[in-house]
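Colleague:
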Amino acid sequence: MSAQPSPIDRPCADQLAALRAQLAQAQSQRGPALAFGLAALDDRLADHGLDGAGLHEIAAATAALSADAAATLFAAGIAARFANQPGFTVLWALTRFDLYAPGLEQIGLGPDRILYAQGRKDADVLAMAEDALRDGSVACVIAEVKAADQTATRRLQLAASDGRTPMLLYRRHRSRDRCPLEQPSSAMTRWRIGCVSSERLGYPGVGRARWSVELVRQRNGNPFSLELDACDDQGRLALPAAPRHRAIAQVGAASQAA
């Protein structure tokens, strides 16, 4: 005789089924997409931009501080473009406050556009992010966590859909150099950001930083990777400038020799 599910197990199964049904409904109600303004990116995204009522995940490509900074600024640049209207505010929830405010301001996310919320642990951060999403009064929510299981990401996706607010989940901390994006998630897109060498300048100085931007997974689309110039003062990425045409330089040198 087969064992019957206990009264304790049945509500859990029913709640999980209801949560899955709500998630499927939320994913069918897409918000307006925020385009990057780069055909090389937008044409490869299923929504031709980032869903404005969805969950998007970001992680650094390596454990290096430079990759962590690049991933942080990548998230901040997206948030700055979501909050590019007067009076729009971004909620940034985290457990340890170590952000470099001048760096955020340089990519368009000044102190007047950010509300910080600090929790003691990841559960606090996720709860604050979910509340802010459902409230719908902020332009974007960023949350930094060590880990978030699939149930947590389902809840964030549902809250983002309910509040019509974009959610950027930064899986910031790496364990034994394993990519945090290996964990299952309900995110619409999952990004891995790293640093690459920038183009050398013809004069002494520091050029614009360059990032490796990899879309590891997207719903209804294919993964891809690009090398892009880092965010400008309005949070916009750019394609690297085309290298000089060597044939022209050779012709010029030949004519001078003649």
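In this note's numbering, the protein residues as written are 3 to 260. Cβ coordinates follow ideal geometry from the N, Cα and C atoms, glycine included. Keep in mind that this is a model prediction, so the values were computed, not measured.
With C-beta atoms as the reference, is A154 less than 9 Å away from W94?
Modeller: It is not a contact, given that the beta carbons lie outside the stated cut-off.
Colleague: For H58, I'd like the list of residues in its chain whose CB is within less than 8 Å of its CB, leaving aside the five on either flank, ordered along the chain.
Modeller: Only L52, I80, P168, M169, L170, L171, A189, M190, T191, R192, W193 meet the Cβ criterion.
Colleague: Could you pull the DSSP bridge partners for I144 from this structure?
Modeller: Answer is W94, L170, bridged to I144.
Colleague: In angstroms with no decimal places, state the Cα-to-Cα distance between N86 and Q236.
Modeller: For N86 and Q236, the distance between alpha carbons rounds to 8 Å.
Colleague: Taking the straight line between their C-alpha atoms, what separation do you get for Y118 and L228?
Modeller: Computed Cα separation, rounded: 31 Å.
Colleague: Where Q108 and L158 are concerned, what is the direct C-alpha to C-alpha distance, given to the nearest angstrom?
Modeller: Approximately 29 Å, taken between the alpha carbons.
Colleague: Buried or exposed: where does P225 fall if 16 or more other Cβ atoms within 10 Å of its Cβ makes it buried?
Modeller: The residue in question, P225, is exposed, as its Cβ has fewer than 16 Cβ neighbours within 10 Å.
Colleague: How big is the Cα-Cα spacing for L217 and A61?
Modeller: So the alpha carbons of these two residues sit roughly 11 Å apart.
Colleague: My understanding is that G223 touches A42, with C-beta atoms under 8 Å, so please give their C-beta distance in whole angstroms.
Modeller: No, G223 and A42 are not in contact; Cβ-Cβ is about 14 Å, not under 8 Å.
Colleague: Is the beta carbon of V127 sitting closer than 9 Å to the one on T97?
Modeller: Yes.
Colleague: According to DSSP, G196 sits in a beta bridge with which residue or residues?
Modeller: The partner list for G196 (beta bridge, DSSP) reads S214.
Colleague: Quick test of your reading: G54 and L36, contact by CB under 8 Å. State the CB separation rounded to the nearest angstrom.
Modeller: With a Cβ gap of about 6 Å, G54 and L36 count as contacting.
Colleague: Which one or two residues does DSSP pair with K220 in a beta bridge?
Modeller: Per the sequence shown, the amino acid found at residue 220 is Gln instead of Lys. According to DSSP, which records beta bridges pairwise, Q220 is partnered with T191.
Colleague: Express the C-alpha separation of H175 and A66 in angstroms, rounding to a whole number.
Modeller: Cα to Cα, A66 sits roughly 11 Å from H175.
Colleague: Tell me where the beta strand (DSSP E) around E59 begins and ends.
Modeller: It spans 57 to 62 - the beta strand (DSSP E) in which E59 sits, taken as one unbroken run.
Colleague: Distance check for G165 and D16, CA to CA, integer angstroms please.
Modeller: So the alpha carbons of these two residues sit roughly 24 Å apart.
Colleague: Secondary structure at R202, three-state DSSP: helix, strand or coil?
Modeller: In this structure, R202 counts as coil in the three-state DSSP scheme.
Colleague: In three-state DSSP terms, what is R180?
Modeller: Of the three classes helix, strand and coil, the one that applies to R180 here is strand, per DSSP.
Colleague: With DSSP as the reference, label A66 as helix, strand or coil.
Modeller: Here A66 sits in coil by DSSP.
Colleague: For Q120, which beta-bridge partners are listed by DSSP?
Modeller: L96, per the DSSP bridge assignment.
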